[in-house]
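Read the structure below first, then the notes.
In our numbering, the protein residues as written are 3 to 171.
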């Protein structure tokens, strides 16, 4: 599949979550309550990207073990366009000085970036994103877990139990 079409799928995914999933949640709950996205690994990227792109809809995220720079997934084909740029937090976030989105993001209180330091984890990716968010005045809770926490479901299960229980209840 050509990278251009992968980038277009990302836009379709974002639109689906914002235009169909969020309204479904509000309808099911019979109120426009806050929604906090969550994801692990590639899902962490999606969860964080959704909050950054639609802070008017989403109140925060629990992003675990994510990588927030997608260029390497497209660079092998030598392809880069505005669809990739505007879905790549490592690229668009440093340049965000918007009078609408930035204040909305700066008002968030539930942005949790978590990572382990064990096998197959890339904690520096999470640390880098947390630094960029902080430099923009966006509150972020960074939590780097130990070397006994690999890139795997038991790690993410422990993280979710800790954060949902301690911070969001």
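Backbone N, C-alpha and C define an ideal beta-carbon position, used for all residues, glycine too.
Work out the CA separation of residue j and residue i for me, nearest whole Å.
i	j	result
residue 145	residue 26	31 Å
residue 72	residue 19	19 Å
residue 67	residue 32	33 Å
residue 131	residue 8	23 Å
residue 65	residue 125	12 Å
residue 99	residue 111	19 Å
residue 38	residue 62	5 Å
residue 45	residue 138	23 Å
residue 136	residue 142	7 Å
Starting from the Cα of residue i, find the closest Cα among the options and give me that residue.
i	options	result
residue 80	6, 164 and 157	6
residue 15	62, 47 and 165	47
residue 34	155, 143 and 59	59
residue 115	122, 94 and 140	140
residue 123	142, 150 and 113	150
residue 36	90, 56 and 127	56
residue 4	166, 120 and 82	82
residue 17	28, 45, 29 and 52	52
residue 13	160, 162, 167 and 87	87
residue 152	128, 161 and 118	118
Going by the DSSP bridge assignment, what does residue i pair with across the sheet?
i	result
residue 39	63
residue 128	Per DSSP, none; premise fails for residue 128.
residue 134	Its beta-bridge partners do not exist; DSSP assigns none.
residue 117	146
Between which two residues does the alpha helix (DSSP H) harbouring residue i extend?
i	result
residue 144	Element bounds for residue 144: not the alpha helix (DSSP H) but the beta strand (DSSP E), 143-146.
residue 72	From DSSP, residue 72 is part of no alpha helix (DSSP H); its letter is neither H nor E.
residue 140	Segment: none, residue 140 is in no alpha helix (DSSP H) and carries neither H nor E.
residue 93	91-94
residue 84	84-87
residue 44	44-55
When DSSP labels each residue in this structure, what does residue i get in the three-state scheme?
i	result
residue 164	helix
residue 26	helix
residue 13	helix
residue 7	helix
residue 112	strand
residue 21	helix
residue 102	coil
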